[in-house]
Amino acid sequence: MAANVVTVKRKDLGFWDKTYLPAVFLGIWITSKHFFFNLLIHSLHRLGLFKNVRAAVTYQYPEEQRPLSKRVRTRHRLVERPDGSPRCVACM
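In the working numbering, the protein residues as written are 583 to 674.
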């Protein structure tokens with residue numbers, strides 16, 4: 583039985599794309615956009631404005647635990663089979 587094989591021809595990267603500078607600039611742009619947006623929103627929250635707009639929150643992890651929903655299933659547990667033997671965690 584012969585398989586249908588599709589050959590995809592990739593275009594060659596130009597000099598500009600080989601330097602990865604577009605990807606670096608895009609990453610800097612996205613990071614700057616998030617930073618300045620959150621800076622603006624937190625500043626406006628301090629003034630009592632735009633309280634309905636969510637802003638980024640930082641948790642000081644070991645001391646301050648993140649609030650989790652009751653639906654989150656992050657704990658591993660061994661479940662028993664009907665015959666009483668334990669099932670592995672992957673078979674939940």
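Here a beta-carbon is modelled for each residue, glycine too, at the ideal position from N, C-alpha and C.
For Pro668, the beta-bridge partners assigned by DSSP are Glu662.
A Cβ-Cβ distance of about 12 Å is found for the pair His624 and Lys633, leaving them out of contact under the 8 Å criterion.
Taking the CA atoms as reference points, Leu608 sits about 53 Å from Ser667. Taking the Cα of Arg659 as reference, the smallest distance to any Cα among Arg669, Leu650, Asp665 is reached at Arg669.
Straight-line measurement puts the Cα of Arg663 at about 51 Å from the Cα of Lys591. A straight line joining the alpha-carbon of Ile610 with that of Ala585 spans about 44 Å. Ser651 and Arg657 have their C-alpha atoms roughly 13 Å apart. In this model, Leu621 and Tyr643 are separated by some 21 Å (Cα to Cα).
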